[in-house]
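Q: The opening residue of the sequence shown carries number 10 in this note's numbering; numbering runs sequentially from there. Where is the CB? At the ideal position from N, CA and C, for every residue including glycine. What you are looking at is a predicted structure, and each value in this text was computed from that prediction instead of being measured. Below you'll find the structure I mean.
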Amino acid sequence: MHHRLPITVFCAAIALLCAAPAWAQSPPPDVDVDAVDDVDADAPVYESTVSDTRMAETDATTGTATAIDTADATARFATVAQTLRSAPGTTVRQSGGLGSYSEASIRGSAASQVPVYLDGVRLNGAGFPAVDLSGLALDNFSRIDVYRSGAPMELGPRGLGGAILLHTRPPDAAQTELALSFGTLHTRKMLWRQQLPIPTGGVSWQLGALSTRGDFPYLNDNGTWHDPTDDHIAARRNNGYAAAHATVRLEHRIGAWHLRWLDTWHQQQQGLAGMDSVPTHSARHETQRNILHLAATRPLSRRADLHLSAAWHALGARLDDAASELGSAPSERSTGLHVASLGGDIPVHWSARHTSRFRLGGAFEHLHTDDRLRPQSTLAMHRLRLDTGLSHDAYWLRDRLRLTPTLQLELTRDIDTAPASHLARNASNDISRLDWLPGLGACALLPRGFEFCANAGRYVRVPDLIERFGNRGTAVGNSALRPESGVQTDAGLRFRHEPNGRGLHVNSRLTGFAQWTRDLIVWVPTMNALRPENLDAARTTGLEAELALAWARSVRLEGNYTFLHAVNTSNQPHYRGRQLPGRPAHELWAKLTLGRHFAHIEATLYLSGEYIGQNPLSPYNDREMTVARLYANTGASLHWPQSGLTLSCDVYNLADRIYRDDHAGVRRPLRDYEGFPLPGRTAYLTIHWRRTP
């Protein structure tokens with residue numbers, strides 16, 4: 010607690026320095042702010058800019074998507090999980106503070122139904138159906154695209170829950186970056202990035218590290234949430250986190266070929282604090298990810314291009330619970346995933362109004378697990394995945410109507426190479442399946458800046474290899490599982506007003522959506538194990554409202570609201586009619602950003618808020634509900650353009666909320682998962698230097 014005050018006070022001082030020029034300064038009366046013809050073209054120009062509402066890359070599709078610019082994320086302290094909270098329809102759940110397990114769901118989907126791509130390489134894999142966002146360093150990325158519908162076909166088969174695309178930073182100019190961050194809970198962060206141009210392209214490399222003690226205070230209810238008399242404030246223990254990452258990216262041209270090479274590595278170690286009322290002392294977890302990716306592009310003719318991609322993805326995780334603090338028996342389990350993938354697509358431009366795209370891709374996944382304390386639990390499994398697809402873009406009515414039909418086929422073959430025990434033995438150790446995924450998107454340009462878009466499609470999630478074959482431990486496989494499948498539709502009206510001058514820029518959208526899914530997989534407890542079954546079905550409907558306003562390129566107000574009604578429609582009486590857990594009915598996010606240039610300093614100040622409604626923690630809705638919470642965040646930065654130096658401060662959970670009274674007046678800890686509390690106020694100071702010759 011004593012580490013919070015100095016940084017928070019320092020942040021407040023920066024905010025006051027930013028606010029004074031932003032609100033009080035105006036140009037002298039004898040200066041014509043509109044006269045730009047007499048400006049010396051060779052003189053340096055400094056302008057504090059707040060991003061306006063111009064079109065992003067995601068606007069080129071009929072799907073509903075949001076592009077989040079993260080190119081300047083290195084100048085402040087933020088994570089991928091925090092950044093994704095600003096996307097409409099996206100729910101981020103965390104099991105604790107900085108570095109804790111985090112996952113994203115879109116429009117009420119499960120995290121395993123949301124494919125995540127890094128430069129086109131899929132991060133979800135066998136044994137790791139959901140992507141842990143804490144294993145992704147935001148400093149690596151220039152942009153994050155969140156597709157709630159209509160993800161690009163060149164990525165491969167689409168997910169039930171849309172898609173998240175992470176774009177690494179290109180080496181587009183000579184540049185050097187250094188950044189240091191300090192924060193509460195003994196948090197430390199460093200970054201070094203270098204970009205160099207070469208005659209036929211560019212190269213960049215980046216090194217970063219992050220660590221925190223993670224011993225934040227929380228409300229410990231001792232597991233008796235009906236009895237508040239034994240509640241007390243405790244410090245989270247065995248919750249430290251340390252991570253390091255390195256990335257190299259090379260872009261090179263050889264004749265007609267444009268080549269892009271990426272090598273990125275991330276490793277993290279952390280303590281597993283356990284549930285709030287049963288803390289651990291020594292349980293540890295370690296994760297390591299490495300991706301090698303080669304992409305090549307060249308024109309085939311005046312009308313066709315060729316895009317090729319090859320990637321190798323390795324992901325390893327190790328759980329050390331020798332003291333049996335997390336399970337019923339000691340465990341030192343290691344899990345490794347290796348994925349080799351190839352893909353290619355050919356866009357053909359038949360005319361200015363007609364473009365077709367053909368895709369062919371495949372991947373081979375190898376999953377192995379072993380437990381040093383239980384040698385009989387060793388297993389090895391393979392998955393072969395092939396997919397092909399065809400899409401066509403057609404423009405009609407003088408380019409005011411766009412239709413995009415798509416058809417994708419996915420063939421999967423799963424093989425269990427290690428004989429299972431009698432508990433986990435399946436009817437078949439070799440399973441093949443073919444799925445077809447049609448889709449249709451349409452957009453119509455309307456008068457006065459309005460645009461109407463609608464999308465519909467069928468989506469599938471094939472069971473994970475652990476769901477198919479088990480893990481030779483407490484998870485028993487089920488080879489008879491059917492894929493989770495569903496139909497998703499949405500329709501929205503968008504309005505954009507983007508004047509050329511200093512007028513008000515407006516970008517707004519109202520979207521309604523509905524999704525029907527069946528054969529949802531649920532882990533059902535048996536005598537001494539868990540077995541997956543196709544028990545669930547769900548109906549999800551909702552509404553998304555988005556608004557972004559920008560004035561004079563120095564004031565920006567943006568926000569979004571999501572209403573979600575996610576109900577279980579299973580035939581099982583225990584589930585039917587229940588609200589899906591972890592899906593709040595109401596989510597609201599808003600942010601105000603002020604920017605101003607004065608003298609030789611650019612100042613920026615922001616204030617953001619996030620409201621998350623209550624939602625159940627159990628699929629039966631019979632346990633404690635998470636209480637609704639409102640978080641306020643703020644930050645400020647000072648930038649000296651001539652030197653490239655930036656000083657910034659970010660404060661999250663400004664009101665320091667760690668619990669809230671429910672309707673009965675009982676204190677409830679704030680959390681996303683049962684037994685895993687969320688931290689209170691955290692503050693971070695960042696010193697950033699960027700030099701471009």
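On a CA-only basis, which of Ser104, Asn516, Gly72 and Ala82 is nearest Arg699? Give me that one, please.
A: Closest option to Arg699, Cα to Cα, is Ala82.
Q: Just the C-alpha distance for His316 and Ser213, rounded to the nearest angstrom, thanks.
A: Cα to Cα, the separation comes out at about 22 Å.
Q: What are the complete beta strand (DSSP E) segments, minimum 3 residues, inside the stretch 584 to 645?
A: Runs found: 595 to 607 and 610 to 621.
Q: State buried or exposed for Ser350, treating a residue as buried only when at least 16 other CB atoms are found within 10 Å of its CB.
A: Buried, by the Cβ-count rule.
Q: Which value, in whole angstroms, describes the spacing of the CA atoms of His401 and Tyr640?
A: So the two alpha carbons sit approximately 44 Å from each other.
Q: Under a Cβ-count criterion, where at least 16 other Cβ atoms within 10 Å of its own Cβ denotes burial, should Ala338 be classed as buried or exposed?
A: So Ala338 counts as exposed.
Q: Just to confirm my understanding: we take Phe373, look at its own chain, exclude 5 residues before and 5 after, and list those with CB closer than 6 Å. What are they?
A: Result list for Phe373: Ala349 and Leu393, in chain order.
Q: Measuring CB atoms only, is the stretch 275 to 284 touching the stretch 236 to 255, in the sense that at least three cross pairs come out at less than 8 Å?
A: Yes, the stretch 275 to 284 is in contact with the stretch 236 to 255.
Q: Buried or exposed, going by whether 16 or more other CB atoms sit within 10 Å of the CB of Ser109?
A: By the 10 Å Cβ count, Ser109 comes out buried.
Q: Rounded to the nearest angstrom, what separates Ala74 and Leu346 at their Cα positions?
A: Spanning the two alpha carbons is a distance of roughly 30 Å.
Q: DSSP beta-bridge partners for His176?
A: In the DSSP output, where bridge partners are listed per residue, His176 has Arg152.
Q: Out of Ser494, Arg505 and Val496, state which residue places its alpha-carbon closest to the alpha-carbon of Phe461.
A: Cα-wise, what sits closest to Phe461 is Arg505.
Q: Based on Cα-Cα distance, which residue from Asp148, Ala84, Gly144 and Gly170 lies nearest to Gln215?
A: Nearest option by C-alpha distance: Asp148.
Q: Under 8 Å between the Cβ atoms of Ala146 and Ala160?
A: Result no, Cβ atoms of Ala146 and Ala160 do not sit closer than 8 Å.
Q: Contact defined as beta carbons within less than 8 Å: I believe Phe150 pairs with Thr79. What is the distance between those atoms, to the nearest angstrom?
A: Right, the Cβ-Cβ distance comes to about 5 Å (below 8 Å), so this counts as a contact.
Q: Just mark His375 as buried or exposed, buried being the case when its beta carbon has 16 or more other beta carbons within 10 Å.
A: That one is buried.
Q: Suppose you measure from the CA of Arg587 to the CA of Gly117; what does that come to, to the nearest Å?
A: One C-alpha to the other measures close to 14 Å.
Q: Do you know offhand how far Asn642's Cα is from Val485's?
A: Looking at the two C-alpha atoms, the distance is approximately 44 Å.
Q: Report buried or exposed for Asp631, applying the criterion of at least 16 other Cβ atoms within 10 angstroms of its Cβ.
A: It is exposed - the Cβ of Asp631 has fewer than 16 other Cβ atoms within 10 Å.
Q: If Thr701 and Ala182 are in contact, beta carbons under 8 Å, what's the gap, nearest whole angstrom?
A: Rounded, the Cβ-Cβ distance is 6 Å, consistent with contact.
Q: Would the stretch 97 to 115 and the stretch 470 to 482 be scored as touching if the rule is three or more Cβ pairs under 8 Å?
A: With the cut-off at 8 Å, the stretch 97 to 115 and the stretch 470 to 482 do not touch.
Q: In terms of residue numbering, what span does the beta strand (DSSP E) encompassing Val101 cover?
A: Thr99 to Gln103 is the extent of the beta strand (DSSP E) around Val101.
Q: Taking 8 Å as the cut-off, decide whether the C-beta atoms of Asp240 and Asn229 are in contact.
A: Contact flag set, yes.
Q: I'd like to confirm the pairing. Which residues does DSSP put opposite Thr526 in its beta bridges?
A: DSSP, once it has assigned bridges, lists Gly495 and Ala547 as partnering Thr526.
Q: Quick one: what's got a C-beta closer than 7 Å to Tyr668's C-beta in the same chain, skipping five residues either side?
A: Taken in chain order, the residues that qualify are Leu228, Arg676, Arg677, Pro678 and Leu679.
Q: To the nearest angstrom, how far is the alpha carbon of Leu454 from that of Glu567?
A: When rounded, the distance between both Cα atoms is 24 Å.
Q: Expressed to the nearest angstrom, what Euclidean distance is found between the alpha-carbon atoms of Leu205 and Phe522?
A: Looking at the two C-alpha atoms, the distance is approximately 45 Å.
Q: Ile77 to Glu334, Cα distance in whole Å?
A: One C-alpha to the other measures close to 40 Å.
Q: Just curious, the alpha helix (DSSP H) that Glu476 is in, first and last residue?
A: Run containing Glu476: Leu474 to Phe478, per the alpha helix (DSSP H) assignment.
Q: Under the assumption that Arg548 contacts Trp525 (Cβ atoms under 8 Å), give the Cβ distance between them as a whole number of angstroms.
A: Their Cβ separation, rounded to whole angstroms, is 6 Å, which keeps Arg548 and Trp525 in contact under 8 Å.
Q: Less than 8 Å between the CB atoms is what I'm expecting for Asp657 and Thr602, so what's the real figure, rounded?
A: Position check: residue 657 holds Ser in this sequence, whereas Asp was assumed. Actually they do not touch by this definition, with Cβ atoms about 13 Å apart.
Q: Could you have a look at Ser652 and say whether DSSP puts it in helix, strand or coil?
A: Coil, per DSSP.
Q: Taking just the CA atoms, how far does Thr296 sit from Tyr693?
A: Computed Cα separation, rounded: 25 Å.
Q: Could you name the residues of the same chain whose beta carbon sits closer than 6 Å to that of Thr196, not counting the 5 residues immediately before and after it, in chain order?
A: The residues are Thr221.
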